[in-house]
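Step one of this worksheet: look at the structure below.
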Amino acid sequence: MAAPVRSLFCRTVCGFSRHINSSVSSCRAVRSSCPPSISGGRSFSDGAANKTTHFGFETVSEGEKTERVYKVFESVAQKYDLMNDAMSFGVHRLWKDSLLHAMNPQPGMRLLDVAGGTGDISFRFLEYVRSQEERVARRVARANQTPSWQDISTGFEARGQEAVEPRQSRAVVCDINKEMLKVGKQKADSMALDRGLSWVVGNAEELPFEDDQFDVYTIAFGIRNVTHIDMALTEAFRVLKPGGRFMCLEFSKVANPLLSQLYNAYSFQVIPVLGEVIAGDWKSYQYLVESIRKFPDQETFKGMIEGAGFFSVRYSNLTGGVVAIHSGFKL
Amino acid sequence: MAILNRVLATSRHGYSNRLVLCIRQQHSSVSSDSHYDRLYPGHIHTYPIQKVLLAVGSGVAALQNPYRHDMVAVLGETTGYQALMALRERMKRDPEGCTVLIERPRIRLSTLDMSKMASLPDKSFGKEYLRFLEGNRVTPDSRANVKFVDNEELAYVMQRYREVHDLLHTLLGMPTNMLGEVAVKWFEAVQTGLPMCFLGAILGPLRLSSSRLEPLVTSLGPWAVRNGRQARCVLSIFYERRWEQSLEDLRQELNIEPPPFVMATRQKAPPDS
Chain A
1 MAAPVRSLFC RTVCGFSRHI NSSVSSCRAV RSSCPPSISG GRSFSDGAAN
51 KTTHFGFETV SEGEKTERVY KVFESVAQKY DLMNDAMSFG VHRLWKDSLL
101 HAMNPQPGMR LLDVAGGTGD ISFRFLEYVR SQEERVARRV ARANQTPSWQ
151 DISTGFEARG QEAVEPRQSR AVVCDINKEM LKVGKQKADS MALDRGLSWV
201 VGNAEELPFE DDQFDVYTIA FGIRNVTHID MALTEAFRVL KPGGRFMCLE
251 FSKVANPLLS QLYNAYSFQV IPVLGEVIAG DWKSYQYLVE SIRKFPDQET
301 FKGMIEGAGF FSVRYSNLTG GVVAIHSGFK L
Chain B
1 MAILNRVLAT SRHGYSNRLV LCIRQQHSSV SSDSHYDRLY PGHIHTYPIQ
51 KVLLAVGSGV AALQNPYRHD MVAVLGETTG YQALMALRER MKRDPEGCTV
101 LIERPRIRLS TLDMSKMASL PDKSFGKEYL RFLEGNRVTP DSRANVKFVD
151 NEELAYVMQR YREVHDLLHT LLGMPTNMLG EVAVKWFEAV QTGLPMCFLG
201 AILGPLRLSS SRLEPLVTSL GPWAVRNGRQ ARCVLSIFYE RRWEQSLEDL
251 RQELNIEPPP FVMATRQKAP PDS
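Quick look at the structure:
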C-alpha cells in the first residue's frame, strides 16, 4: 500500500532528468570477459599480488583492495544507515524505492540481494511482495462479494481442499562483510521481518549458490567495491534462472556540467567531513566518493553487462545521473 | 607511469571551471598516496570550507555527546590555529621550550620506564604521576593523533598539549572527575588561549551539580585562573627529564600554588552532571 504512494512521490522528486535508454542487443558484445559457459569454474588469478587496481584514487594490488574494502565497511557498518541518510538527505530511500518499482516483483519470486549488507533492498522487496499479495487478496475478496449459487457451491467444495499456498517469496541477503550482515540482522529483528529472509556470507565474485537459482539478482551500491566487476557479472548470470533479471543500482556519471560541479564540490568537501563528524572516519568516506569517480559511466557499464551475456540491457538515470539503475535479462 | 595516470585521470574528469578550482587541484595534483600524511603522519589536508564545517559539526557532536573525545579533539584542531602560533612563540622564547620543540618528546607508555618510575621516592613527580594514572585508571596512550592542523610544528604543539594534559592533572593535584576536569580546563584556557579550552571551561560547569559548582566558583576556579596567568608555559617543560624532581620543587619552579583542597581520586562512579 505504501509502495504506490512512494512511487508517485519518487517520480515527482527524482525524475527531473530521467533518460531511459533502451537498446535491444541482439548479439553478445565482443568484449573480453569470462564466457558464462564455464559454469561452476572459477578463474583463479594467481597474479593477484602483482596486478594492480584502484582503491579510490590510490593504486593498490588487487588482493589489497579486497582487504581494504572489507575494513572500510567493517568500520562504517554501525553508522552506515545514519550516514546514508545524512549524506543523501534521505534521498537514498527514494532511489531504492525506484529500484523496487522498476523490479515490480510478484509473489513467489526469489531475490538474491548481493552486497545487501544492511538489507534495505531485501526488506523493501518483502514489503512490496506482501502488499502485492494483500492487493490480490483484497481483489479476490471484492470479487466474492456477490457470488452466484454456482460460485458458492464450487467454493464450498474447494474450501475442503485448501488451495495450495502460492510459493513464498524469498530474499537472500549476501554480503562479504559480516559486520554489515550483523547490522542488517539486527534491523530485521527490530522490524520483525523474518519470514522469507536469509543471510549469507559470500563474495560477489564467487557466489556460494548453485546455477539457475534466482528470479532477480540485485546489487545496490555494491558493485563498485568489487575488485573484478566482470567476475561479479558472470556470477550473476550463472545464478539467475533463465528469464531472470539482473538489476544494479549504482552511482554513475552526471551529464549536466553545472550539476556535476555542484555534486563534486558537495562530494569532496562535505561528505568526508560528515564521515568524520558522524562516524569518526574521514578516510572511509573519502574512499567512497573517490570510488564513485572511478566507476565506469552508464554506457560503459551497460557494455560490461552485455559482455556477461545479458540481453535487453537498459539503464535509467535518477537525480540527473547521480544514480543509475541498470537492468538486464538472462535468456 | 604514475604521471600518465594522473594526466589521464584529469582529462577524463575534465574539470575546468574556476568555481571548483580547489577540487581540480585535489584531483589533478597528486595521487591519493599523498592526500594523506602530507605534512606529518596522520595529517589530512582540508580546505578552509571543510575546516569550518568540521568546527561546527564537531562542536555540535561534542555538545551532544561529551564522551566523543575525538570530536573535542577535532574542534580544538580546527579552531586553534592562532592560539597554537602564539603558544609556539611562547615556547620558543623559553630555552627549555626550544629544546622541547627541537627534540619533540612524546609521552607514551612505550617511552615511559614504568618500573623505574615506580621505584622513585614518594612525592617525586614521576611517582605522583604514576599514582595519578593508576588511581584514575587512565593511560597516556589514549590521546588521539592530530589530523587537521596544516603545519607540522604546530601539529606537534597540539599533540604536546594533549599529552601534557594528564601531567597537568598531577601538577595541579586535580582528579579526573568533572570538577577536576573543569578546573584543569580553566587553567588551560588561560594558559594556552585555545578556543576549545574556553568552550570547555564555559560549558563544563553547566554539567556540574550545585554542590560542586560552589567550590568551583569560590576557591577552585579563581585559583586555577590565577595560576594559569602566573605559571610558566606548561608546554615548555621537558617533563621526561624531571621524573626524579620533587613535586613541590617543580610546582615552585613553575610558579604553581598547591591546590586549595585535596579531592579524592575518581572512583568507578560515572561523572556527575
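Residue numbers (our numbering), protein chains in the order written: chain A, 1 to 331; chain B, 1 to 273.
Ideal placement from N, C-alpha and C gives every residue a C-beta, glycine not left out.
Can you round the beta-carbon distance between A/F282 and B/I44 to whole angstroms, since I take them to be within the 8 Å contact cut? One point to set straight first is that residue 282 of chain A is Trp, not Phe, in the sequence displayed. About 6 Å; that satisfies the 8 Å criterion.
By the criterion of Cβ-Cβ separation under 8 Å, what are the contact partners of B/A61 in chain A? V277, I278
Just grab the DSSP bridge partners of A/F329 for me. A/R245, A/F311
What residues in its chain sit with their C-beta under 6 Å from that of A/V69, if we drop five residues either side in the sequence? N225
Consider the Cβ of B/M71: report whether some Cβ of chain A lies at a distance smaller than 8 Å. yes
Can you list the residues of chain A that B/G57 reaches, using a CB-CB cut of under 9 Å? V273, L274, E276, V277, I278
Classification of B/P48 by the beta-carbon crowding that lies within 10 angstroms, buried from 16 upward: exposed
Rounded to the nearest angstrom, what separates A/L112 and B/Q64 at their Cα positions? 40 Å
Could you have a look at A/E206 and say whether DSSP puts it in helix, strand or coil? strand
Taking the continuous beta strand (DSSP E) assigned at B/C233, which residues delimit it? It is not in any beta strand (DSSP E) - B/C233 carries neither H nor E in the DSSP assignment.
Any idea what DSSP makes of A/D215, helix, strand or coil? strand
Beta-carbon spacing of A/V279, A/V91 below 8 Å: Here the sequence assigns Ala to residue 279 of chain A, which means Val is not the residue at that position. Cβ atoms of A/A279 and A/V91: not closer than 8 Å.
What's the C-alpha gap between A/S23 and A/T234? The predicted model places A/S23 with a pLDDT of 41, which falls under 50 and marks its position as unreliable; any figure quoted below should be read in that light. Near 20 Å, if we compare the C-alpha coordinates of A/T234 and A/S23.
Looking at the C-beta of A/W95, does it have a partner C-beta in chain B at a distance below 8 Å? no
Would you mind stating whether B/L109 and B/D141 have Cβ atoms separated by less than 8 Å? yes
By the three-class DSSP mapping on this structure, what secondary structure does A/S37 have? Low local confidence applies: a pLDDT of 41 at A/S37 is under 50, so the model's placement there is unreliable, with the coordinate-based value given in what follows. Here A/S37 sits in coil by DSSP.
Assign A/S284 to one of three DSSP states: helix, strand, or coil. helix
By DSSP, does A/L99 sit in helix, in strand, or in coil? helix
CA-to-CA distance, B/L54 to B/M85, given in whole angstroms: 20 Å
Tell whether a beta-carbon distance below 8 Å holds between B/E96 and B/F238. yes
Any residues in the stretch 248-270 of chain A with a beta carbon nearer than 7 Å to a beta carbon of chain B? Which ones, in chain order? Q261, N264, A265, F268, Q269, V270
What is the DSSP secondary structure of B/S119, reduced to helix, strand or coil? coil
Against B/Q50, what residues of chain A qualify as contacts under a CB-to-CB distance less than 7 Å, listed in chain order? Q269, V273
For B/V74, return the contacting residues in chain A, with the cut-off set at a CB-CB distance below 8 Å. E276, V277
By Cβ distance below 8 Å, which residues in the same chain neighbour A/P36 in space, the five residues on each side in sequence not counted? With a pLDDT of 43 at A/P36, under the threshold of 50, the modelled position of that residue is not reliable, and the figure given next carries that caveat. These residues qualify, in order along the chain: T234, F237, R238, A308, G309.
Could you name the residues of the same chain whose beta carbon sits closer than 7 Å to that of A/E74, not counting the 5 residues immediately before and after it, in chain order? N177, E179
Kindly list, in the order they appear in chain B, the residues whose Cβ is closer than 7 Å to that of A/W282. I44
Does the distance from the C-beta atom of A/V216 to that of A/V173 stay below 8 Å? no
B/L54 at chain A interface by Cβ criterion, 8 Å: yes
So the candidates are B/E134, B/V56, B/T79, B/R106; which of them puts its Cα closest to the Cα of B/R241? B/R106
Considering only residues of the same chain and omitting the five flanking positions on each side of B/A73, which have a CB-CB separation below 6 Å? A144
I want to know whether the stretch 206-226 of chain B touches the stretch 250-262 of chain B - three or more CB-CB distances under 8 Å. yes
In chain A, which residues lie less than 7 Å from B/Y47 when you measure between Cβ atoms? Q269
Within this structure, are the beta carbons of A/I121 and A/T218 separated by less than 8 Å? yes
In the DSSP assignment, what are the bridge partners of A/N317? A/A324
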